[in-house]
Amino acid sequence: MNRAELLEKLSKVQAVPEDLQHLTSTADMQTLGVKKFSEGIVLKPSSSSIKKISNIKGSRKNCENPPKKLKLDPNFVDFNVESSESDNTNDGNLPDKLEEKMHAVDSDECVNNIQIEDEISVERNFTSDKSNKIENMIDESKAKIIKETEKECVIEENKSVGVKVNDCDTQENREPAVYVTLNRLPEIQAAREALPIFCEEQSIMEAIKENSVVVIHGETGSGKTTQVPQFLYEAGYTKHNKIIGITEPRRIAAMTMAARVGIEMNLPEVVSYHIRYQKTVDEKTEIKFMTDGVLLKELRHDFFLSKYSVIIIDEAHERSVFSDVLIGLLSRIVPQREKKGDPLKLIIMSATIRVEDFTENPRLFKQQPFLIRLDSRQYKVQVHFNIQTPEDYVEAAYHKVCKIHKQLPPGAILVFLTGEKEVMKLCKMLRQTFPFEDRVDLNENKHNNTSVVQNTYRKKKRKKKDDQAESFCSLPAKINLDDYSVEPLDTEDLQHQFSDGEDEMSQSGNFKILEEDTSTPLYTLPLYSILPFEEQEKVFKPPPPGTRLCVVSTNVAETSITIPGLKYVVDSGKVKVKIYDKFAGGISGFAITWASKASANQRAGRAGRTEGGHCYRLYSSSVFEHEFPDFSLPEIKRIPVDDILLHMKALGIDRVVNFPFPCPPDNDALKAAERRLVLLGALQDLQKGESYKDIKKWEYSAKVTPLGKAMSRFPLSPRYAKMLLLSYKHNCISSITAIVSAMTVPEIFLRSNVSLDENEKEDNKIVWKGIKKIGAGKGKSLQLGDMMVLLRTVAIYEESKNKVQFCVRNSIRHKAMVEVHKMCLQLCREMNRAFEDLTVPLEFKIDPPNDDEIEKLRKIITTGFPDHVARRCSDEESKKDKHLKNSYKCLDLEDPVFIHPSSILFEELPEYVVYQEIVHTSKYYMKGIVEIEPEWLAAFAPTLCDISVLLDDPSPSYDAEKDKILCNMKGTFGRWQWELPCMRMEMPRGLLKYSWFCYFLLSGEICPFFKAYKMHLRQCPSVMMKSWAKLLPQTRHLLEAVIGKEVDSKASLKRVWQEKPKYLLQEFWEWLPDEKHLEVECKWP
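Number 204 in UniProt numbering belongs to position 204 of the sequence shown; there are no gaps in the numbering.
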């Protein structure tokens, strides 16, 4: 059918113009004529005042003449058109104001284009259907007018009684929407639009605007970490010089996410990161990624976080101690900022969080946070379980990777293991099976920073003279490198070298390595927390052409990390957890356990980031369902809380037990931490109440001392902070700073990459090689033990010209020494801030300590670890039980402990030692050993001593220089009642001390004035020490006067004399004849 025929047929059925005039258009029916009706209204302002009115509302107020009954044209629908249904309405019951409003449209002065009912007859040819629709619209319009009228009536009543009505009550306070335009690259924008969270931007931003606290629970790979900060930036949350802050649980996540968001926004200068020792924050920063510890430190200087508009706690399921404390503090800061008119938004994000800890915790959030669930992910991940759960998961992972590499399509592989040793072991076996020969050359081209190191080690067994100056820390001139398999590899390989014997041993493992396959090279890279950042970055770069990337990682790759091209995940299901004794803070051990279901889901989610993938779980579904816990135990329930307890006390939170933690720590752990801090002098030692009812007054209520306040400013454990403060007093800041920095960084010396359980002796031998080369010296230096090794290690490293070479030669982890160096600089800056008269040079240099300085260092270390004392078991005990040979007894354990084989004091076996920590493997081993003298314990740990035996020979004496009464005493130490040697120490306060004070006072040793009258005394001063001394009036009165004012030194006597000049005059008269009274009164000091 052509166009002409179609038009001809349409003209036959077309309505005539006369019929069309009787019809109403659909647009007119929908608007009901209101638009045309409002256009015809002419407003006549009142002579008294001019008021702004809407189209209909308030129009009658400005009409002078009474209304006339009007009838509308069919195309105009008035709000008071009556129908058969409207006759039964109770319009007569409406207030007068409502009646006026209902008839406001009837004024002939306000409406010019409406004809009077008498002049026109309306054609009533509407269908019943149309009439019903119009009547419904009329009813809705009436209801709206009634609601507005009632509101105005209430406002006018409030005004009549003097109530002030704000504009915001009568009119919505709407701010103009802010949208910051970003010039993104097309491919970036396309990638963002593919993310599941992108289509939820409006709902997320509306929820954030309407709620102070929002919890976003979204699937892994949905784009939470990268997109939510961009949503906030585009919505204007960085205006008025505010910053969007995002906390990450790991440093690598903070750095990589900052780089990624900067690239996506095409504004890398706006996005920065701040981690310990390193930051890129400047005045241009508007989005800041950081670790949770950095933000917690900022709270000390700016409690309300005034420069932030939004705080995002990312990966909240990690539940670190710092993140839990941050959430608790922010739950109180957010309402306070709201009251101040400067709102702060808190966003908690995670894929596997237990939302009930936040949404159903009224103690944490009084108003329930708004929950957003994102149930979709960008790419699907298929999960495969093993039929059986293998015993050796490393072997199972090896065979699974080999199978994937040989049989499955291209795509990167990510393997999850428990620790560095297993990671390096599997990497080595995969490299042997699928060698990649050109790896060195490619790395040299890409990473110029390692070329110098590689060129240094081009030849095996090359000997080079040391570049250290001859000093106390110089190494031997000749070092045999034959024990090392030094290959021309990159820095990471240089940090993990083996001896030849270790190589052979690791090859002959419990399972057979497959034959070498050179047809399909595998680019294998390790990934763990202490790996240098330059090496960690390699996993985010494309692999060399013709190879498949395989990353073998610990759980560091579990969250907030996207590896390009990752398609396959191999999950061992295991995790290595450090377990602490919550009662004895220095005892720890590692346990390999099943991960949680939440962690397993996080690991599987790594494969669905850039494309669909597969997760191969090396365990059965039955084990997953019955053995895996739903969520990991929060860190605050697993570790000692001494550090965080002191920081919170310093912030003024005295009763930490009442703090709103998402999951509070055990009360027993809080008690133990408070007890240790009291022992260190950081908290006051509160006296317990006399009755059980008084427990609440003192329990958990110890306040911070001035020493504790000073200790809390350092980013260290309270033990190390106290050592730093004492180093200022004893002028040994450089040495203590080096020791403390080295103690805080774990595993400075390299260990072998074989299993600890199977090759424990070989592992200790590898560590011993590095420690033996550094050494601790002899004599007094050796008494400083492992701390002397650390001190010499830091000193040599700082003096070395080629620091990497020094680390390789001495089996030292280079990244650990870089960390130590940064820590030393940070602590020096903190010391300069803490003491105004102190200027510690940042060009860190350590002078060799002499014997006196070494003794000071030993004493300072003892004050930091007063409860970490161990005593060697006697020979008689060893003869009775052979298992006790070379063993020690410590305060916290019933079982014997031993010096770790890696300690420099392993063969020395001192009688008394202090230790840094105890680790539990097959036995309990002490690490970080320093030899101490038992007589120090009474001075540095008096609360742990029971000193009650005062020796008569030699008799007590008064030390005028120290203004103390000294005596020889004996006692015991600790729970095992170790007998302490005879000690010359200050006499403990009591009746005996006051008696001796009276004796030295009358003898003239304390005050020379009394010496002139010694020959005129009625009784010898020694009578004060007799058992019947109280029977004499003069001795009894003198003792009562001294005890009443607690005078037991020259300083306390002068203090009382300033308040009461005639103090002890009457009592001294009783010791003198009457003729001397006037003379004494005139000369009384």
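The beta-carbon is built from N, C-alpha and C at its ideal position, and this holds for glycine as well. All values reported here derive from a predicted model rather than from experimental measurement.
Residue i to residue j span [Cα, whole Å]
i            : j       : result
ARG809       : PHE533  : 22 Å
LEU531       : ASN555  : 13 Å
LYS803       : THR418  : 30 Å
GLU201       : ILE372  : 11 Å
PHE643       : ALA834  : In the sequence as displayed, the identity of residue 643 is Asp instead of Phe. Computed Cα separation, rounded: 19 Å.
TYR580       : HIS883  : 25 Å
PHE303       : LEU683  : 22 Å
ASP953       : SER1022 : 16 Å
ARG871       : TYR915  : 11 Å
residue 1086 : CYS982  : One cannot answer for residue 1086 here, as it falls past the ends of the chain, which runs 1 to 1085.
TYR797       : PHE806  : 7 Å
ILE812       : GLN536  : 19 Å
ASP365       : SER331  : It is worth fixing the name first, because residue 365 is Phe in this sequence and not Asp. So the alpha carbons of these two residues sit roughly 6 Å apart.
PHE844       : VAL820  : 11 Å
Candidates the options, of which the one nearest residue i by Cα
i            : options                            : result
LEU646       : ARG675, ALA939 and SER712          : SER712
SER701       : ASN731, LEU825, LEU680 and LYS649  : LYS649
residue 1089 : PHE303, ALA1041 and GLU395         : Outside the shown range of the chain, which is 1 to 1085, sits residue 1089, and nothing can be said about it.
GLU917       : MET787, SER811 and SER1022         : MET787
ILE353       : ALA600, THR593, MET983 and THR520  : ALA600
GLY218       : ASP685, GLY652 and ASP375          : ASP375
GLU516       : TYR237, SER1049 and ARG431         : ARG431
ASN183       : ASP837, PRO629, PHE540 and MET265  : MET265
SER717       : VAL641, VAL623 and LEU791          : VAL641
PRO662       : LEU677, LYS637 and ALA673          : LYS637
ALA259       : ASN241, THR225 and ALA235          : THR225
ASN850       : SER902, PRO435 and GLY777          : GLY777
TRP996       : LYS970, ASN241, ILE1043 and LEU980 : ILE1043
Collapsed DSSP secondary structure at residue i in the structure displayed
i       : result
ARG655  : coil
ILE639  : coil
LYS927  : strand
ARG833  : helix
THR291  : strand
ILE644  : helix
GLU206  : helix
CYS890  : strand
GLN21   : helix
SER323  : helix
TRP594  : strand
GLU392  : Here residue 392 is Asp; the residue named in the question, Glu, does not match the sequence. Reduced to three states, the DSSP call for ASP392 is coil.
LEU905  : coil
HIS317  : helix
THR247  : strand
PRO660  : coil
SER957  : strand
ALA870  : strand
CYS945  : strand
PRO1008 : helix
HIS883  : helix
Residues near residue i in its chain [Cβ-Cβ closer than 8 Å; skip 5 each side]
i       : result
SER1052 : LYS1045 and GLU1046
GLU210  : PHE370
Close beta carbons around residue i, own chain, < 6 Å, minus the five adjacent residues each side
i      : result
GLU269 : LYS284
PHE385 : ARG617, SER620 and SER621
LYS597 : PHE628 and ASP630
Neighbourhood of residue i by C-beta distance below 7 Å, restricted to the same chain and skipping five residues each side
i       : result
ASN254  : At residue 254 the sequence reads Ala, which differs from the Asn that was named. Cβ neighbours of ALA254 beyond the five flanking positions: GLU248, TYR273, ILE275, PHE289, MET290 and THR291.
GLN602  : THR220, ALA351, THR352, GLU558 and THR559
VAL1056 : LYS1045, VAL1047 and TYR1063
ASN886  : PHE898 and LEU909
Proximity test, residue i beta-carbon vs the ligand GDP heavy atom, cut-off 8 Å
i      : result
THR524 : For the ligand GDP, the structure offers nothing, since it holds no ligand at all.
Task: Segments of 3+ residues assigned as beta strand (DSSP E) that fall wholly inside the region 960-1006 - done: Fully contained in the region 960-1006 are the following beta strand (DSSP E) runs of length 3 or more, in chain order: 964-973 and 983-986.
Task: alpha helix (DSSP H) segments (min. 4 residues) lying fully within the region 401-433 - done: Within the region 401-433, the complete alpha helix (DSSP H) runs of at least 4 residues are 420-433.
Open item on the list: Which complete beta strand (DSSP E) runs does the region 185-235 hold, if anything under 3 residues is left out?
Closed with: As far as the region 185-235 is concerned, its whole beta strand (DSSP E) runs of at least 3 residues are 213-218.
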